[in-house]
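Notes to accompany the following structure.
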Ligand code: GDP
Ligand code: IMO
Ligand code: MG
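Numbering (the working numbering), first residue to last: 16 to 438.
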């Protein structure tokens, strides 16, 4: 069975932990979009790993990880990640990690453009500053440099020259920034190409052959549904399709090869960066949940904004991802609360909204309509069976199932690998 795990909120739902668990039963794990804006945490024993570009299944030795064509790759960040794992005793071969030849490459000017553009915007997105938006812009604008170009000096030279020709003018004239030196980037990126070459192949062919051989594949989403470029809280989103739809274009695997879609939610909601967040807590509660859930960005270290579970958004996420199975992560973070709220609608200018609105004003001004459920006020971290959960916790989970119309199969009660209830 081929599975997809997608983030169903604003990212950081605990996808890394879920992928680590699910990858035990598959042959291949694939990242299909995003870049090193992602930060996926996996905790095994007393060791913590944060993955940015490498799939979270890399700790499962003997399995294959793929960074497919839909991902944007910062070669420097990827090589640092590979070196970091090697230092921790986990060297990675070309058999274990495969990188798409036609994935686009994040260039130094993308990172700087990301930051300069943010600086000029009145309505900041709060990007991770990793150059993700500018790299995807160049891809769509047909200016992009791909992994395969790093092996072809003639092509790299031509493309880089064209890029700098335009970009240096923008950097200097619009932003009062510096000119980029062609020779420096050219040499640096040819060297990156030499180091990455052992991992590079046509990953679409590799995956389709694997499907023919009945190998099992797990697709690892990055970011989340409301950061999706089409369905998210635009413009406060990332620049790729973080929803299930991104799997096919991001890998070259046809939709008929996907068997099950798992939507990952936190038992509450978080968001890093700017943008509307209807169920966001007030200051005191924000600090309380942030400290209980260690809600600080895995990539930038920024404090995450926290709020109640938003069933209006969640329902939409289940629909557009085609999720047939739900995962509720970080249930333990709610262990001590007296009462837990779920937003089931919004109120804006006297009108009730039961569905997600794409109107910036509605989202920004929406007052959630809450229903309240009693808390369980007892630790859950040590529990491994659904029947052992306090009845209030089961009632909360079952209420989410009612609202979202899909079964909750995975309930995570702690950050470690074994702290999970599978129904
Ligand atoms: P991802 O981006 O979706 O992979 O999520 P992140 O790794 O950025 O953020 C999730 C954070 O929550 C990480 O620090 C995980 O170690 C932690 N985590 C995951 N599941 C649980 C859980 O069930 N309980 C608690 N307390 N922490 C969890
Ligand atoms: P994972 O995979 C949470 C957010 C940024 C910003 C917006 C755009 O760990 O869930 P970008 O750098 O992508 O242009 O930033 O998206 N963002 C994330 N938030 N988790 C992530 O990834 C994110 N990746 C990007 O904070 O608001
Ligand atoms: Mg994360």
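Just so it is clear, CB atoms sit at the ideal spot from N, CA and C, and this is done for glycine as well.
Using DSSP with H/G/I as helix, E/B as strand and the rest coil, what is residue i?
{"i": "residue 458", "result": "Since the displayed the chain opens at 16 and closes at 438, residue 458 lies outside it and no answer follows."}
{"i": "residue 125", "result": "helix"}
{"i": "residue 275", "result": "strand"}
{"i": "residue 214", "result": "helix"}
{"i": "residue 58", "result": "strand"}
{"i": "residue 232", "result": "strand"}
{"i": "residue 208", "result": "helix"}
{"i": "residue 18", "result": "strand"}
{"i": "residue 241", "result": "helix"}
{"i": "residue 135", "result": "helix"}
{"i": "residue 311", "result": "strand"}
{"i": "residue 351", "result": "coil"}
{"i": "residue 252", "result": "coil"}
{"i": "residue 392", "result": "coil"}
Just curious, the beta strand (DSSP E) that residue i is in, first and last residue?
{"i": "residue 62", "result": "62-66"}
{"i": "residue 195", "result": "Where residue 195 is concerned, there is no enclosing beta strand (DSSP E), given that its DSSP letter is neither H nor E."}
{"i": "residue 322", "result": "320-322"}
{"i": "residue 111", "result": "Looking at the DSSP string, residue 111 is not in any beta strand (DSSP E), and its letter there is neither H nor E."}
{"i": "residue 359", "result": "354-363"}
{"i": "residue 388", "result": "382-389"}
{"i": "residue 408", "result": "Run containing residue 408: none in the beta strand (DSSP E); it sits in the alpha helix (DSSP H), 406-419."}
{"i": "residue 341", "result": "340-344"}
Which partner residues of residue i appear in the DSSP bridge assignment?
{"i": "residue 436", "result": "426"}
{"i": "residue 80", "result": "44 and 112"}
{"i": "residue 162", "result": "None, per the DSSP bridge assignment."}
{"i": "residue 280", "result": "343"}
{"i": "residue 286", "result": "320"}
{"i": "residue 431", "result": "58"}
{"i": "residue 49", "result": "86"}
{"i": "residue 120", "result": "88"}
{"i": "residue 366", "result": "363"}
{"i": "residue 295", "result": "322"}
State the start and end residues of the unbroken alpha helix (DSSP H) segment that holds residue i.
{"i": "residue 149", "result": "147-155"}
{"i": "residue 370", "result": "It is not in any alpha helix (DSSP H) - residue 370 carries neither H nor E in the DSSP assignment."}
{"i": "residue 92", "result": "90-102"}
{"i": "residue 170", "result": "168-184"}
{"i": "residue 327", "result": "326-336"}
{"i": "residue 262", "result": "260-266"}
{"i": "residue 31", "result": "30-37"}
{"i": "residue 304", "result": "298-307"}
Of all Cβ atoms in chain B, is any one closer than 7 Å to the Cβ of residue i?
{"i": "residue 74", "result": "No chain B appears in the structure shown, which is made up of a single protein chain."}
Exercise. Hey, is the segment 365-385 in contact with the segment 397-407, meaning 3+ C-beta pairs nearer than 8 Å?
Worked result: no
Exercise. Any contact of the segment 123-130 with the segment 62-71, i.e. 3+ C-beta pairs under 8 Å?
Worked result: no
Exercise. Relative to the ligand MG, what is the chain-ordered list of residues with a Cβ closer than 5 Å to any of its non-hydrogen atoms?
Worked result: 27, 54 and 313
Exercise. Any chance the segment 338-352 sits against the segment 87-102, with 3 or more Cβ pairs inside 8 Å?
Worked result: no
Problem set entry | Cβ contact check for the segment 180-194 and the segment 217-231: 3 or more pairs under 8 Å | no
Exercise. Just checking, does the segment 138-149 make contact with the segment 204-224 on the three C-beta pairs under 8 Å criterion?
Worked result: no
Exercise. At a cut of 8 Å, does the segment 267-274 reach the segment 301-308 through at least three beta carbon pairs?
Worked result: no
Exercise. Does the pairing of the segment 305-319 with the segment 17-24 give three or more beta-carbon distances under 8 Å?
Worked result: no
Exercise. So, do the segment 382-399 and the segment 354-365 have three or more beta carbon pairs nearer to each other than 8 Å?
Worked result: yes
Exercise. Would you call the segment 35-44 and the segment 241-250 in contact, with 3 or more CB pairs under 8 Å?
Worked result: no
For this session: Determine, using beta-carbon pairs with one atom in the segment 113-123 and one in the segment 281-296, whether at least three such pairs fall under 8 Å.
Result: no
Problem set entry | Touch test, the segment 86-94 against the segment 195-212, Cβ-Cβ under 8 Å, three pairs minimum | yes
Problem set entry | Any 3 or more C-beta pairs closer than 8 Å across the segment 332-341 and the segment 252-260 | yes
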